[in-house]
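Participant:
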Amino acid sequence: MTDLVARARSLFAPGKGILAADESVHTATARLAEHGVPASEEMRRQYRNLFLGAKGIEQYLSGVILFSETLLQKGGDKKLFPKSLAARGILPGIKVDLGTEPFPSSPQELITQGLLDLPERLEAYKKHGAMFTKWRAAIRIEGDELPTNVALHENAKRLASYAKEVQSAGLVPILEPEVLYEGRHSRAHSRAVIEEVMHTLFSVLDELAVDRASLIIKTSMALSGDKSGKRDTPEEVAADTVAALVASVPPQVAGIAFLSGGQGPEQATANLAALVRHAKETGAPWPLTFSFARALQDEALALWKGDATNVPAARAAFLARLAAVSDALA
Ligand code: 13P
Numbered sequence: 213m214t215d216l217v218a219r220a221r222s223l224f225a226p227g228k229g230i231l232a233a234d235e236s237v238h239t240a241t242a243r244l245a246e247h248g249v250p251a252s253e254e255m256r257r258q259y260r261n262l263f264l265g266a267k268g269i270e271q272y273l274s275g276v277i278l279f280s281e282t283l284l285q286k287g288g289d290k291k292l293f294p295k296s297l298a299a300r301g302i303l304p305g306i307k308v309d310l311g312t313e314p315f316p317s318s319p320q321e322l323i324t325q326g327l328l329d330l331p332e333r334l335e336a337y338k339k340h341g342a343m344f345t346k347w348r349a350a351i352r353i354e355g356d357e358l359p360t361n362v363a364l365h366e367n368a369k370r371l372a373s374y375a376k377e378v379q380s381a382g383l384v385p386i387l388e389p390e391v392l393y394e395g396r397h398s399r400a401h402s403r404a405v406i407e408e409v410m411h412t413l414f415s416v417l418d419e420l421a422v423d424r425a426s427l428i429i430k431t432s433m434a435l436s437g438d439k440s441g442k443r444d445t446p447e448e449v450a451a452d453t454v455a456a457l458v459a460s461v462p463p464q465v466a467g468i469a470f471l472s473g474g475q476g477p478e479q480a481t482a483n484l485a486a487l488v489r490h491a492k493e494t495g496a497p498w499p500l501t502f503s504f505a506r507a508l509q510d511e512a513l514a515l516w517k518g519d520a521t522n523v524p525a526a527r528a529a530f531l532a533r534l535a536a537v538s539d540a541l542a
């Protein structure tokens, strides 16, 4: 096993997963505003420190995905966040895409930016302690029209080019083609799109000869759209998600991590537990874990409200959610 494969696999240590704490300035501002917290660089530092400074997170977290601003900030322990995480045995990672914008060939769809200066940025991120990376594409479902083949293909090409660059820089890539939960679509449609997205992605990855064993797939669960009026049972989600992935993700990948995508914390945790159970029962070939942002953060943010006196209660809620999500992997 190469060092890179071992590093990728270490993110799937038993009972551990990945916290996504890589909200861009734009997204972090929106998240803080939901809880009445005004945004500034210092408030974003306190926001990160709420989670990254919580005692005992290393029991549940193998890695944390950071945003570039956070790489250079310090926590309450006066250490740079990546150093503080590494000292506790948690791999620091970094979001390297530069966000989405409307796709010129199909403006209702999104295309991810960030390939142009990627090699130079990777060198800088490495210097600041990053051990793995993430690139997110966003795939919208809308009736029979979206996603279009051209958008799927272009997003897959960029994900594959990103993965190639990252591996040659000696870092682990997480490829996140997120099939959005927002919409009126059925769970069957979500399942079919996840499968198609992964098929397209792996055909382009093979064209570029990207090493499968040191890459991680981050995916949505197969869910009825949030405006479909249908709430799936965890067993339904598990069966359709595992079926889509077994049909489209090769067994050699280092593992598959699930995003929460706007599901509530309880829903995401119950669905993850059912997924892991179903994957075990059916002999699915890859290690599985979580890589949630909102489902891990929301309860703590609602308690914190930007007030230092609320930090202990907010951290307790975060640790309780981490423990539940970690239990879901058992
Ligand atoms: P959510 O779990 O909130 O979907 O975030 C995961 C993520 O990394 C989105 O890019």
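Numbers given in this note's numbering equal positions in the sequence shown, counted from 1, plus 212. C-beta: ideal position from N, C-alpha, C; glycine also.
#1: Tell me whether Leu413 counts as near ligand 1, meaning its Cβ is closer than 7 angstroms to at least one heavy atom of that ligand.
#2: Beta-carbon within less than 6 angstroms of Gly287's beta-carbon, same chain only, minus the 5 sequence neighbours each way: which residues are those?
#3: Output the boundary residues of the beta strand (DSSP E) element that contains Phe502.
#4: Which of the three DSSP states is assigned to Leu244 in this structure?
#5: Under the criterion of a Cβ to heavy atom distance below 7 angstroms, does Gly473 qualify as lining ligand 1?
#6: Relative to the alpha-carbon of Ile199, which residue among Leu327, Leu471, Val422 has its alpha-carbon at the smallest distance?
#7: Within 10 angstroms of the Cβ of Val362, are there 16 or more other Cβ atoms? Answer buried if so, exposed if not.
#8: Out of Trp516, Ala532, Leu541, state which residue places its alpha-carbon closest to the alpha-carbon of Ala245.
#9: Tell me which same chain residues have a C-beta within less than 8 angstroms of the C-beta of Val523, skipping the five on either side of it?
#10: What does the alpha-carbon distance come out to for the pair Val409 and Ala505?
#11: Are the segment 523-532 and the segment 488-502 in contact at 8 angstroms, needing three or more beta carbon pairs?
#12: Using a threshold of 7 angstroms, is the CB atom of Phe279 nearer than that to any non-hydrogen atom of ligand 1?
#13: Rounded to whole angstroms, what's the CA-CA distance from Leu327 to Tyr374? Just pull it up for me.
#14: Could you check whether the Cβ of Ser402 sits closer than 7 angstroms to any heavy atom belonging to ligand 1?
#15: Secondary structure at Phe470, three-state DSSP: helix, strand or coil?
Facilitator: So, from the data block:
#1: One-based indexing of the sequence shown puts residue 413 at position 201. No.
#2: Against the sequence shown, residue 287 aligns to sequence position 75. Cβ neighbours of Gly287 beyond the five flanking positions: Asn261, Leu264, Gly265, Phe293, Ser296.
#3: As a position in the sequence shown, residue 502 is number 290, starting the count at 1. Phe502 -> beta strand (DSSP E) spans 500-502.
#4: For the purposes of this step, residue 244 is identified with residue 32 of the sequence shown, where counting begins at 1. Leu244: helix per DSSP, three-state reduction.
#5: Taking the sequence shown and counting its residues from 1, the one referred to as residue 473 is at position 261. At a threshold of 7 angstroms, Gly473 counts as near ligand 1, since its beta carbon sits closer than that to one of the ligand's heavy atoms.
#6: Absent from the model: residue 199. The displayed extent of the chain is 213 to 542, so no value can be given.
#7: By one-based count along the sequence shown, residue 362 stands at place 150. Flag for Val362 reads exposed.
#8: If you number the sequence shown from 1, residue 245 lands on position 33. For the residues Trp516, Ala532, Leu541, the minimum Cα distance to Ala245 belongs to Trp516.
#9: Sequence index remark: in the sequence shown, residue 523 carries index 311 (1-based). Cβ contact annotation for Val523 (same chain, cutoff 8 angstroms, sequence separation greater than five): Leu262, Trp516, in chain order.
#10: Taking the first residue of the sequence shown as position 1, residue 409 is located at position 197. Taking the first residue of the sequence shown as position 1, residue 505 is located at position 293. Roughly 22 angstroms between the two C-alpha positions.
#11: No, the segment 523-532 is not in contact with the segment 488-502.
#12: Taking the sequence shown and counting its residues from 1, the one referred to as residue 279 is at position 67. Answer for Phe279: no, Cβ out of range of ligand 1.
#13: Translated into the one-based positions of the sequence shown, residue 327 becomes position 115. Translated into the one-based positions of the sequence shown, residue 374 becomes position 162. Between Leu327 and Tyr374, the C-alpha separation is close to 7 angstroms.
#14: Taking the first residue of the sequence shown as 1, we reach residue 402 at position 190. Answer for Ser402: no, Cβ out of range of ligand 1.
#15: Here residue 470 corresponds to residue number 258 of the sequence shown, with the count starting at 1. Strand at Phe470.
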